[in-house]
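In my numbering, the protein residues as written are 10 to 98.
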């Protein structure tokens with residue numbers, strides 16, 4: 010059974026996992042998204058970002074994580090549990 014887990018190859022790649030503020034390139038790498046996809050979401054206002062002095066785009070790592078984890082999908086077990094609780098009431 011193989012697991013696809015991204016492991017940073019060098020120290021500089023490991024550091025952005027700890028940084029509170031990420032550059033555009035770091036955010037793309039951290040989220041595993043292409044630059045074009047990230048640009049689409051920043052220009053549409055779908056993802057929180059910072060643009061000091063109207064130049065480079067920056068992201069708070071925590072906000073990026075929250076954006077990545079939005080719209081959680083319940084597992085089948087959770088759905089069955091909720092249905093069972095609902096049918097008892």
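Note that CB positions come from ideal geometry on N, CA and C, so glycine has one too.
Where the beta strand (DSSP E) through residue 69 begins and ends: Indexing the chain shown from 1 puts residue 69 at position 60. Here the beta strand (DSSP E) through residue 69 covers 67 to 69.
Grouping DSSP H, G and I as helix and E and B as strand, with all else coil, what is residue 10? As a working mapping, residue 10 is identified with position 1 in the chain shown. Its pLDDT being 47, under 50, residue 10 is placed unreliably in this model, and the coordinates cannot settle the point.
Comparing the C-beta of residue 58 with each C-beta of chain D, is any distance below 9 Å? Of the chains in the structure shown, none is chain D; there is only one protein chain.
Note down the Cα distance separating residue 48 from residue 67, rounded to an integer number of angstroms. Against the chain shown, residue 48 aligns to sequence position 39. Against the chain shown, residue 67 aligns to sequence position 58. Distance between the alpha carbons of residue 48 and residue 67: 12 Å.
Relative to the C-alpha of residue 57, which residue among 33, 43 and 45 is closest? Residue 57 sits at position 48 when you count from the first residue of the chain shown. Of the candidates 33, 43 and 45, the one whose C-alpha sits nearest the C-alpha of residue 57 is 33.
Could you compute how far the alpha carbon of residue 11 sits from the alpha carbon of residue 53? As a first step, residue 11 is located in the chain shown; it is residue number 2 there, counting from the start. As a first step, residue 53 is located in the chain shown; it is residue number 44 there, counting from the start. The pLDDT assigned to residue 11 is 49, lower than 50, so where the model puts this residue is not dependable, and the model offers no usable value.
With a CB to CB cut of under 7 Å and the five nearest residues on each side skipped, what residues in its chain are close to residue 36? If you number the chain shown from 1, residue 36 lands on position 27. These residues qualify, in order along the chain: 47, 68 and 73.
Indicate the three-state DSSP secondary structure (helix, strand or coil) for residue 31 in the structure shown. What you label residue 31 is simply residue 22 of the chain shown in a count that begins at 1. Note: residue 31 maps to strand in three-state DSSP.
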